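This report concerns only the one structure given below.
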Amino acid sequence: MKDKRVLYVSSEVIPYLPETDISSTSFEAAKMVNNQGGQIRIFMPRFGNINERRHQLHEVIRLSGINLVINDLDMPLIIKVASIPKERMQVYFIDNEDYFKRKATLTDEEGNLFDDNDERAIFFAKGVIETVKKLNWSPDIIHVHGWLASLLPLYLRNYYGNEPLFSNARIVTSVYNQSFDETLSTEMQEKVLFDGMEDEDVKHLAEPNYVNLIKTAVDNSDAIILSGDNVPDELKTYVNRLNKPVLPYKNREEFTQAYQDFYAEKVLKQ
Numbered sequence: 001m002k003d004k005r006v007l008y009v010s011s012e013v014i015p016y017l018p019e020t021d022i023s024s025t026s027f028e029a030a031k032m033v034n035n036q037g038g039q040i041r042i043f044m045p046r047f048g049n050i051n052e053r054r055h056q057l058h059e060v061i062r063l064s065g066i067n068l069v070i071n072d073l074d075m076p077l078i079i080k081v082a083s084i085p086k087e088r089m090q091v092y093f094i095d096n097e098d099y100f101k102r103k104a105t106l107t108d109e110e111g112n113l114f115d116d117n118d119e120r121a122i123f124f125a126k127g128v129i130e131t132v133k134k135l136n137w138s139p140d141i142i143h144v145h146g147w148l149a150s151l152l153p154l155y156l157r158n159y160y161g162n163e164p165l166f167s168n169a170r171i172v173t174s175v176y177n178q179s180f181d182e183t184l185s186t187e188m189q190e191k192v193l194f195d196g197m198e199d200e201d202v203k204h205l206a207e208p209n210y211v212n213l214i215k216t217a218v219d220n221s222d223a224i225i226l227s228g229d230n231v232p233d234e235l236k237t238y239v240n241r242l243n244k245p246v247l248p249y250k251n252r253e254e255f256t257q258a259y260q261d262f263y264a265e266k267v268l269k270q
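Using full-length UniProt numbering, read the sequence shown as starting at 1 and increasing by one per residue.
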């Protein structure tokens, strides 16, 4: 992986949020590539429960300041950055007052999904891509973690399909165990169609539940990693029918070498 460029886009990364399969895997995968001499960029949302002072987040003025159109509304994009202590790795945070100021991540105190999670997912996907464009940084691999990041492959392949910066990038989506049972806003499909998508591109979003969000991601990916030991059977069956490289679930002891081999042998050689 020496000198390869890998973009990690995740809904959560340690140490900024508590340790989960997603937050720890996102961190460990990026650390592995970084230690091998690869170049990495990590993006995550700047949720309101992330302590900016403790983690020393600061705004990057030259990257902030553009507006993203979400469902016909202009939403200002703010970019913040922090360094993971002792790892020489920077994390970029996608921020917006309306979407990410609240002191929570994806659910309220009762565990209910926020009504605007669909728009937050659209904003996050667009925000990452627009920021990477501003950085003028062309990745070899784009690795997606977590359902809030699940629209990124769709937008890369369609809305930004003619963007030369990403023309050679290979998209990998990690599929985790199901993390919610409800559906997002029933208007999600319409909001994505507003960005000029074709009906076929967003067919799964007619019912935007966890399984269908991930189906949308893997449809637009080049390779898939099963990152949970209890991925829904419907998703496993769907993934296996796609005729794309799939890395089965690996535990912590097997993880590092398996990811290295998968990146090098299955993803980059496509």
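Where is the CB? At the ideal position from N, CA and C, for every residue including glycine.
Please read all numbers here as calculations on a predicted model, not as lab measurements.
For residue i, three-class secondary structure by DSSP
{"i": "M32", "result": "helix"}
{"i": "E234", "result": "helix"}
{"i": "I122", "result": "helix"}
{"i": "A104", "result": "coil"}
{"i": "R54", "result": "helix"}
{"i": "R252", "result": "helix"}
{"i": "D261", "result": "helix"}
{"i": "Y210", "result": "helix"}
{"i": "F27", "result": "helix"}
{"i": "L205", "result": "helix"}
{"i": "N67", "result": "strand"}
{"i": "V6", "result": "strand"}
{"i": "I22", "result": "helix"}
Supposed close pair residue i, residue j - CB separation, criterion 8 Å
{"i": "W147", "j": "L213", "result": "5 Å"}
{"i": "V192", "j": "V202", "result": "5 Å"}
{"i": "V144", "j": "V9", "result": "5 Å"}
{"i": "E97", "j": "K80", "result": "Contact flag wrong, Cβ pair sits at about 13 Å."}
{"i": "S11", "j": "P45", "result": "7 Å"}
{"i": "I141", "j": "V267", "result": "6 Å"}
{"i": "T173", "j": "N209", "result": "So it is not a contact: roughly 17 Å between Cβ atoms."}
7 Å CB neighbourhood of residue i in its chain, flanking five on each side removed
{"i": "I129", "result": "Y155, L156 and Y160"}
Residues of its chain near residue i, where Cβ-Cβ distance is below 6 Å and the 5 sequence neighbours each way are ignored
{"i": "K134", "result": "L63"}
{"i": "V33", "result": "M1, V6 and I40"}
{"i": "R53", "result": "none"}
The ligand GTP heavy atom lying under 8 Å from the CB of residue i
{"i": "G38", "result": "Annotation note on the ligand GTP: not contained in the displayed structure, which lists no ligands."}
Neighbour flag for residue i against chain D, beta carbons, 9 Å
{"i": "L106", "result": "Looking for chain D here will not work: only one protein chain is present."}
Same chain only: Cβ atoms within 8 Å of residue i, ignoring 5 sequence neighbours per side
{"i": "P85", "result": "P15"}
Problem - Every unbroken alpha helix (DSSP H) within the region 157–201, with a cutoff of 4 residues, ordered by chain - result: 188–193
Exercise for the section: Check whether the region 90–97 touches the region 30–48, counting contact only when three or more Cβ pairs, one atom from each stretch, lie closer than 8 Å. Expected result: yes
Practice task
Tell me the start and end of each unbroken beta strand (DSSP E) in the region 125–158 that is at least 3 residues and wholly inside, in chain order.
Solution key: 141–145
Handout entry: Cβ pair count under 8 Å reaching 3, the region 56–73 against the region 121–128
Key = yes
Exercise for the section: Could you say if the region 247–254 and the region 183–190 meet the contact criterion of at least three C-beta pairs nearer than 8 Å? Expected result: no
Exercise for the section: Please determine if the region 101–120 and the region 232–240 are in contact, where contact requires at least 3 C-beta pairs separated by less than 8 Å. Expected result: no
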